[in-house]
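Position in the sequence shown (from 1) plus 76 gives the number in the numbering used here.
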Amino acid sequence: MPLPTGSTRPMSLLLSTALAAVTLSGCTLLELARDCEGTEGRVKEMAALGILDSRPAGATVPPGFEEVDAGCWADSGDVSVYANRTYAFPGAQAEVAAYYRTTAVRDGWNPDPEALPDDLCFARENMVLQIVFLTAERLAEDGHGSHPDLATGAGYSINIESFVNSGVEAGC
């Protein structure tokens, strides 16, 4: 007995649409599945970079920031490894800037020619190094709340990032 065509067409259309959606979603999910697997060695290398331990005289490691924060993140197919270190400095931001402009270049980092004059951004071997001065707002956004050690002088972080196998070039 033949099936009525009135109910077969909507069912066929529904199944075709579902199959197309699964196929398209599958491709997207495969792209999103790229993750941090296999980046452990690169994370360790970045965490051991000497510039992270280099600091001007008088700079201290605030409580809660004793370790280098290093890891990997994946977002929309881009995989990035990073390493960060935070310091408190009792002096002015200009002193910190002068120190890292000299130290970074001596360590093989090249100032980004497209960076603004006040930006402390350098590149080396497909990695980006940035010195970022911290504010109470930035600390709160990052989940650190208020941090009295960083409230006076120049609290700052040294941030290094490198994209892995994504074709994204390092740059500020």
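Idealized CB from N, CA, C, for every residue including glycine.
DSSP, read as helix, strand or coil, puts Gly-231 in strand. CA-to-CA, the gap between Glu-142 and Ala-168 works out to about 22 Å. Here DSSP, grouped into helix, strand and coil, assigns Glu-113 to coil. Taking a contact as a CB-CB distance under 8 Å, the pair Cys-112 and Asp-195 does not count as one, their CB atoms being some 28 Å apart. Shown here, Val-172 sits in a helix according to DSSP, grouped into three states. With a contact defined as Cβ atoms closer than 8 Å, Ile-234 and Leu-128 qualify at about 6 Å.
When secondary structure is reduced to three states using DSSP, Val-137 falls in the coil class, being assigned neither helix nor strand.
Here Val-240 is not near Val-144, since their CB atoms are 8 Å or more apart. In this model, Leu-205 and Arg-177 are separated by some 11 Å (Cα to Cα). Judged by their CB atoms, Phe-209 and Ala-191 are not nearer to each other than the 8 Å cut-off. Approximately 11 Å separates the beta-carbon atoms of Ala-164 and Pro-132; this is outside 8 Å, ruling out the contact. Shown here, Ala-180 sits in a helix according to DSSP, grouped into three states.
If you check the CB distance, Cys-148 and Val-119 come in under 8 Å. Using a Cβ distance threshold of 8 Å, Ala-123 and Ala-159 count as a contacting pair.
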